[in-house]
């Protein structure tokens, strides 16, 4: 083996190691036409609902994500963007101050105003379902839906959000979704 080949092999190994270690922090850049584009009018990023910065670093997913777990927050429903932003800040405060989590536990929340509120990034592990956080994305409906169902416009956003997530990570070299199973189970 000649010296340039050794150097390039070492460079390749170092780059691969660095990419593996840091890939969680390198967000996926999507193509111009994607399933996520249809969500743009519905998305409220963290700055729009005035989220606090995380108090620490959440872990990256270490393997494939194969579950999407749907929750409801058990709080009064919100029907305006102003009330939904306020609900998101209250939930984040509860998760960070009372539960001592580094951030809001959900990846996304869907409000009665028909918008999707960004929580944790797709590639970071959530804190929403004990024993399942390492393999799931958590999506919460803002409101209490023990007796009533979320409105149809809220439910219609779930498959769009899931397709966007599958596209975001399956096109990257570090695919987080192996397959997605949506399971809805009544809480006890």
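Residue numbers (full-length UniProt numbering): 1 to 188.
Every residue, glycine too, gets a C-beta built ideally from N, C-alpha and C.
Residue j beta carbon less than 8 Å from that of residue i
i           : j           : result
residue 138 : residue 72  : no
residue 119 : residue 79  : no
residue 141 : residue 110 : yes
residue 124 : residue 62  : no
residue 69  : residue 131 : no
residue 84  : residue 50  : no
residue 164 : residue 39  : yes
residue 122 : residue 82  : no
For residue i, the three-state DSSP class (helix, strand or coil)
i           : result
residue 96  : helix
residue 25  : With a pLDDT of 40 at residue 25, under the threshold of 50, the predicted position of this residue should be treated as unreliable, and no value is reported.
residue 142 : coil
residue 106 : coil
residue 30  : Summary for residue 30: the model assigns pLDDT 41, below 50, so the residue's position carries little reliability; its value from the coordinates is reported in the next sentence. Three-state result, residue 30: coil.
residue 42  : helix
residue 168 : helix
residue 147 : coil
residue 83  : helix
residue 136 : strand
residue 130 : coil
residue 160 : helix
Cutoff 8 Å: residue i Cβ touching any chain D Cβ
i          : result
residue 55 : Included in the structure is just one protein chain, with no chain D present.
Whole-number beta carbon distance between residue j and residue i, since they are thought to touch under 8 Å
i           : j           : result
residue 154 : residue 126 : That belief does not hold up - the Cβ atoms of residue 154 and residue 126 are roughly 19 Å apart, past 8 Å.
Terminal residues of the beta strand (DSSP E) in which residue i lies
i           : result
residue 218 : The requested residue 218 is not part of the displayed model; the chain covers only 1 to 188.
residue 117 : 116-118
Item checked: Given 8 Å, three or more beta-carbon pairs between the region 92-109 and the region 51-60 -> Using a C-beta cut-off of 8 Å, the region 92-109 makes contact with the region 51-60, since at least three inter-stretch Cβ pairs fall below that distance.
Notebook entry, point to check: Touching or not, the region 150-160 and the region 83-98, by the rule of three or more beta carbon pairs under 8 Å?
Noted result: Here the region 150-160 does not lie against the region 83-98, with fewer than 3 beta-carbon pairs under 8 Å apart.
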